[in-house]
Amino acid sequence: MKAARAYPITEHTTDLRVEWIEDPTPGAGEVLVQVTAAGVTRWDHHAATGAGPAPLTLGAEGSGIVVADPAGHWAPGTRVMFFAGSAGTMAEFAVVPEQNLAEVPVNVADEVAATVPVAYLTAVLALRLGRFCPGKRVFAPAVGGGVGNATVQLARALGASAVAGGTGSTAKAEAVRAAPWAYGIEVVDLERDRLPEGLGDGFAAGIDVAVDGVGGGVTGQIAAALATGGRIVLVGETGGAAAQVPVGDVVRRHASLHGFSLPDATVAQSRRAWETITGLLAAGRIHPVIDSIYPVEAAAEALRHLIEDRPIGKVVIIGMSHAW
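Numbering (the UniProt record's numbering), first residue to last: 1 to 324.
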């Protein structure tokens with residue numbers, strides 16, 4: 001089959017080629033899927049710049065059609081979206097753990113479905129770890145990115161009393177505020193304003209749940225804005241691996257910080273999260289945002305665009321089955 005393969009050169013540069021490799025074979029508990037679209041994530045950049053063995057087929061998420069399920073749980077021809085971990089979805093075919101697939105609602109296009117798994121599974125499970133329930137006040141930095149965007153949309157759909165997202169620039173804040181999907185979501189320009197001062201009246205009592213994929217100095221600001229009993233769920237560190245947290249505020253407010261990584265989710269947790277996500281997608285209550293779509297031949301440019309340009313919305317790869 002054809003696949004986008006990374007040959008790391010240095011920490012910052014990658015030779016990415018579309019080439020022939022062996023077709024994968026599903027093992028116990030795995031499903032063979034023909035990939036129609038693949039989401040591009042920061043995991044791909046991490047892997048492409050030397051985190052794994054070379055060469056490595058990129059892609060941690062995608063959408064496609066079931067080809068074979070040795071266990072018989074998934075019928076051939078079923079449209080699915082999936083989190084594949086390190087299986088590699090920028091290829092004609094991928095093998096995916098059975099519990100990591102979900103059927104795509106009929107009203108959702110393949111390109112949209114491919115952007116859902118990593119961001120929305122992470123966001124749902126992080127909100128649950130943060131003890132989210134209707135009426136809570138939710139904040140996520142990097143609202144233009146995958147997890148941040150998924151968090152604010154899910155929180156709004158699930159009944160939060162106030163929802164806010166942060167951006168790293170004034171230009172991005174203005175663009176998000178103008179986007180139809182951002183209705184009812186407060187946008188904080190973290191280039192100009194700090195937390196908690198930048199939050200509106202809906203957060204007068206503080207943030208109940210923050211899903212933080214940024215880290216660095218933003219984590220300290222979020223900690224200073226927490227409500228009594230508030231929780232920060234750390235899911236990434238794109239803004240820095242170290243943070244200065246106001247410990248006194250955390251102690252006085254009985255607040256807490258928790259770490260979460262999607263590969264550590266249990267089968268039961270993943271299945272429950274998928275039920276929530278597919279239900280909201282089918283009802284049109286969440287709207288995954290796509291920034292751009294690239295053919296697989298341009299996978300290197302797609303990855304560069306995600307990391308360097310920091311777009312609003314997800315980047316998608318298509319055309320695996322007719323790349324040559």
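Each residue gets a CB set at the ideal place from its N, CA and C atoms; glycine is no exception. The model shown is predicted, which means the values in this text are computed figures rather than measured ones.
How about the segment 255 to 263 and the segment 116 to 127: do they share at least three Cβ pairs that are nearer than 8 Å? Short answer: they touch.
Would you say Arg137 and Ile185 are within 8 Å of each other, going by their C-beta atoms? no
Residues bridged to Val33 by DSSP? According to DSSP, Val33 bridges with Val66, Ala94.
Does the distance from the C-beta atom of Val176 to that of Ile312 stay below 8 Å? yes
Best match in Ala204, Leu58, Ala28, Phe82 for proximity to Val270 [C-alpha to C-alpha]: What sits at residue 270 in the sequence shown is Ser, not Val. Looking at the Cα atoms, Phe82 is the closest of the given residues.
Ignoring anything shorter than 3 residues, give me the beta strand (DSSP E) runs that lie fully in the segment 249 to 321, in order along the chain. Fully enclosed beta strand (DSSP E) runs of 3 or longer: 256 to 259, 290 to 295, 314 to 318.
Leu58 in three-state terms, based on DSSP: coil
Give every residue of the same chain whose Cβ lies closer than 8 Å to the Cβ of Ala160, excluding the five residues on either side of it in the sequence, and list them in chain order. Phe132, Pro134, Gly135, Lys136, Arg137, Val138
According to DSSP, is Trp74 helix, strand or coil? In the three-state reduction of the DSSP assignment, Trp74 falls in the coil class, being assigned neither a helical nor a strand state.
Helix, strand or coil for Phe203 per DSSP? helix
I'd like to confirm the pairing. Which residues does DSSP put opposite Val40 in its beta bridges? Under the DSSP definition of a beta bridge, Val40 partners with Val315.
If you draw a straight line from the alpha carbon of Asp201 to that of Gly144, how long is it in whole angstroms? A direct Cα-to-Cα measurement between Asp201 and Gly144 gives close to 22 Å.
Counting pairs of beta carbons, one from the segment 93 to 103 and one from the segment 64 to 83, are three or more of them closer than 8 Å? yes
Under 8 Å, do Ser63 and Val104 count as touching if we go by C-beta distance? yes
Flag this pair as yes or no: are the beta carbons of Arg253 and Thr228 separated by less than 8 Å? yes
For Thr228, which of helix, strand or coil comes out of DSSP? strand
Out of Ala210, Gly215, Ala102, state which residue places its alpha-carbon closest to the alpha-carbon of Val33. Ala102
Helix, strand or coil, according to DSSP, for Val143 in the structure here? coil
Whole-angstrom C-beta distance between Pro295 and Val112, which should lie under 8 Å: Between Pro295 and Val112 the Cβ distance is about 17 Å, and since that is not below 8 Å, they are no contact.
Taking Ala4 as the reference, give the member of Ala241, Ala37, Gly29 with the closest Cα. Checking every option, the nearest Cα to that of Ala4 belongs to Ala37.
What does the alpha-carbon distance come out to for the pair Arg42 and Val147? So the alpha carbons of these two residues sit roughly 11 Å apart.
With DSSP as the reference, please indicate the residues paired to Arg79 in a beta bridge. Ile65
Asp193 (DSSP reduced to helix, strand or coil): coil
Between the alpha carbons of Ala273 and Ala119, how many angstroms are there, rounded? 12 Å
Would you mind listing the beta strand (DSSP E) stretches within the segment 106 to 180 that are 3+ residues and don't spill past its ends, in chain order? 137 to 140, 162 to 167
Can you tell which of Val108, Ala300, Ala48 has its C-alpha closest to the C-alpha of Leu281? Val108
Just how far apart, CA to CA, sit Ala225 and Gly284? The straight-line gap from Cα to Cα measures roughly 32 Å.
CB-CB under 8 Å to Arg156, same chain, minus the five flanking residues each way: which ones, in chain order? Counting only Cβ-Cβ distances below 8 Å, and skipping sequence neighbours, we find Val163, Gly184, Ile185.
For Glu30, count neighbouring Cβ atoms within 10 angstroms of its own Cβ and tell me buried if that reaches 16, exposed if not. buried
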